[in-house]
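In the order they appear, the protein sequences are chains A and B.
Using the numbering used here, you'd call the opening residue of the first sequence number 1 and step up by one each time.
Using the numbering used here, you'd call the opening residue of the second sequence number 272 and step up by one each time.
Virtual Cβ for every residue (Gly too), placed ideally from N, Cα, C.
Source: prediction; values computed, not measured.
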Amino acid sequence: MATDRDLVPASERLWRWFCMVAGGLVYLFLLLPVLVIFLSAFSPTAYPQFPPKMLSLRWFQAFFESRDWLKALQVSAWLLLIVTPLTALLGTTAAYALARLTFRGRAVVQALLLSPLIIPQVVLGIALLYVLTGVGLAGSLTGLAIGHILVALPYAVRTVSVSLASIDRKLETASMSLGASPAYTFTHVTLPLIKPGIVAGAVFAAVTSFGEVSVSLFLTAPGTVTMPVRIFTYIDQTFDPVVNAVSAIFIVLAVVALVLIERTIGLTKAM
Amino acid sequence: MSRVSSPGASLFSWFLLAPGMLFLAAFLVVPAILLVVLSLHDVDGMLMVLPGYSIAQYLAVFTSSVYAHALGTTLWVAALTATLCVLLAYPAAWLLVNTRSRSWRTVLYVILISPLLTSVVIRTFAWIVLLAQNGLINDVLRHLGLIDAPLALLWNMKAVVVAYVQVMLPFAVLPLATSLGEIPAALPRASQSLGADARHTFLHVVLPLSIPGMMTGAIIVFALAAGSYVTPLLIGGRLQPLLPIAIYQQALQIANLPLAAALSLSLLAVTATIAGLMTYVQKRWERRVYGH
């Protein structure tokens, strides 16, 4: 077989190079903010300078010495611990049922499950604010958890659906024909097989909850300020360089999440 | 397709579907309905919601030049963001599909997916660090001697669009890469062996087949850009005439909930209509190029 070089005329090779360089530049553009955040997190000055003259951990120190920032971290951590298992549970059961049932309106149910991804978050925020105010939950941790689950649910449904699509249905049929009940089959055959999807969904849910700001701003109260909400108000009103260090912490968490997703369903299938 | 047809299994699946459906009913469907009802009420001078039904809020939305302008700007910014995202997504998706080395492809995926795992407020903050008066770009330009006084890069709509494009680009790249990856390698090769050059092959074979993926990305980016307020508020400032910012302010700062409800439902209706039209065009196109 002839090599590419023999077949491809010079004009096309030029075109390929152009595409590669353009593509590479786009990835650099995507990476830019991450680089900026690391530059500023370790910068000794409030605004980072380029090129950096020295490194400093003073903003990290300021973070861990600030009672208010630690309180926000605590609220966010609680939310993450509530939201992650509940989202994984709701997402897994819903994705499984959708994969196994055929009924009129199934497409509608599926669209409903994924809709929080595409509905403007300002609309979700105001709708939840109104309803939760009515039942006395606005500003509470419960209210924020509800908002976070709503936003994170589509991710969990999607990752579990990806896992479900790849398992062999015959295993379930065999289990049931051997006399196992549907519930036993689900917990002992299906769940172990779709565990990667569930873990990936839980990771997405945790990261979404920890970073959620658009809906949270509507549901927050002085006692339940999460990390992203605190960052938002700080950027909006003053400028606190501690945000530099906080941002780096967020990036590190995103990297941890990336590794977990790659080890479970794989990055290529995550979106 | 064969499905497990035993009534027990089916009953069990319905049982599993129930919690998710109840959750969505309680916290998505009911709130949406109540939001519609709320938007049909008027308020008194103290912004207290009056009992009788009225279309006063919608009259306020559609007769006010402020909101008409805000809606126009919102749609324009969203369309511009979607267009730029699709244009930039093309080389990025091409590189992703044509990278043969597995580890390089993983690196590209990491770059594409990591923004989705980083809070939007963090990514927006990075742009403020870059664009501020004493930010990185001004710093670099001053060091290079290109400028004497710092440029005002922040607090304008251009900065909002740049940040939007960066924040939403992965949503455009991923569906386009799927679309490009599904084109059988034999097709462009056949086109070229029949004498078409690279440009012709791209314009007449690859591009038409990748339009569904482009449209999917464009629809998602458009909807997200039309509905976000965090990035434009922090980068553009609170005075930018964008509908999501107006909704945020009416709901949380002025506390006129019925007006905020009417504004958000109008925004939802307009963006849903446009996204629906784009989906329709996309489906028509898919049927034309794929024949099904």
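- For Gly-323 (chain B), the enclosing beta strand (DSSP E) has its first and last residue at 320-324.
- Across the region 395-415 of chain B, CB contacts with chain A closer than 8 Å involve Thr-395, Phe-396, Ala-397, Trp-398, Ile-399, Val-400, Leu-401, Ala-403, Asn-405, Gly-406, Leu-407, Asp-410, Val-411, His-414, in sequence order along the chain.
- Between Leu-217 (chain A) and Val-229 (chain A), the C-beta gap is smaller than 8 Å, which places the two residues in contact.
- Neighbourhood of Leu-31 (chain A) in chain B, by CB distance below 8 Å: Ile-382, in chain order.
- At a C-beta separation below 8 Å, Phe-232 (chain A) has these neighbours in chain B: Val-392, Val-501, Leu-505.
- C-alpha of Leu-415 (chain B) to C-alpha of Leu-39 (chain A): approximately 19 Å in a straight line.
- In the three-state reduction of the DSSP assignment, Asp-313 (chain B) falls in the strand class.
- At a cut-off of 8 Å between C-beta atoms, Arg-158 (chain A) does not count as an interface residue with respect to chain B.
- Note on geometry: alpha-carbon atoms of Lys-554 (chain B) and Pro-483 (chain B) lie some 8 Å from one another.
- Distance between Ala-245 (chain A) and Arg-58 (chain A), taken at the CA atoms: about 9 Å.
- Take the alpha-carbon of Leu-73 (chain A) and the one of Asp-315 (chain B): they are about 40 Å apart.
- In this structure, DSSP gives Lys-195 (chain A) a helical state, which the three-state scheme calls helix.
- Look at Thr-354 (chain B): its C-beta is not under 8 Å from any C-beta on chain A.
- Counting the other CB atoms within 10 Å of its CB gives Gly-179 (chain A) a total below 16, which places it among the exposed residues.
- Within the region 324-347 of chain B, not one residue has a Cβ closer than 7 Å to any Cβ of chain A.
- Secondary structure at Asn-427 (chain B): coil, using DSSP grouped into helix, strand and coil.
- For a Cβ distance threshold of 8 Å, residue set Tyr-96, Ala-97, Arg-100, Leu-101, Pro-182 of chain A lies close to Ser-284 (chain B), ordered along the chain.
- Against Glu-12 (chain A), the close residues of chain B are Ala-469, in the order they occur along the chain (beta-carbon pairs closer than 7 Å).
- A direct Cα-Cα distance of roughly 7 Å separates Leu-407 (chain B) from Pro-48 (chain A).
- Between Pro-228 (chain A) and chain B, the shortest Cβ-Cβ separation is below 8 Å.
- The beta carbon of Gln-511 (chain B) sits closer than 6 Å to those of Pro-503, all from its chain and outside the five residues before and after it, given in chain order.
- With 16 or more other Cβ atoms inside 10 Å of its own Cβ, Phe-442 (chain B) counts as buried.
- Segment contact: the region 476-495 of chain B against the region 533-547 of chain B, three or more CB-CB distances shorter than 8 Å; contact assigned.
- At the C-beta level, Pro-362 (chain B) and Leu-30 (chain A) stay beyond 8 Å of one another.
- The DSSP-derived three-state label of Leu-57 (chain A) is coil.
- For Pro-241 (chain A), not one C-beta of chain B is nearer than 8 Å to its own C-beta.
- From the listed residues A:Gly-139, A:Ala-41, A:Ala-88, the smallest Cα separation to Thr-220 (chain A) is found for A:Gly-139.
- Shown in chain order are the members of the region 529-555 of chain B whose Cβ falls below 8 Å from a Cβ of chain A: Ala-531, Ala-532, Ser-535, Leu-536, Leu-538, Leu-539, Thr-542, Ala-546.
- Ser-335 (chain B) carries a coil assignment under DSSP once its states are collapsed to helix, strand and coil.
- When only Cα atoms are considered, Leu-445 (chain B) and Arg-394 (chain B) end up about 19 Å apart.
- By the CB criterion at 8 Å, Tyr-130 (chain A) and Ala-205 (chain A) fall outside the cutoff.
- For the pair Ala-152 (chain A) and Val-83 (chain A), the CB atoms are nearer than the 8 Å cut-off.
- Rounded to whole angstroms, Ala-532 (chain B) and Ala-420 (chain B) show a C-alpha spacing of 44 Å.
- The Cβ-Cβ distance between Gly-24 (chain A) and Leu-366 (chain B) falls below 8 Å.
- Taking C-beta atoms as the reference points, Val-207 (chain A) and Leu-440 (chain B) fail to come closer than 8 Å.
- At a cut-off of 8 Å between C-beta atoms, Gln-74 (chain A) does not count as an interface residue with respect to chain B.
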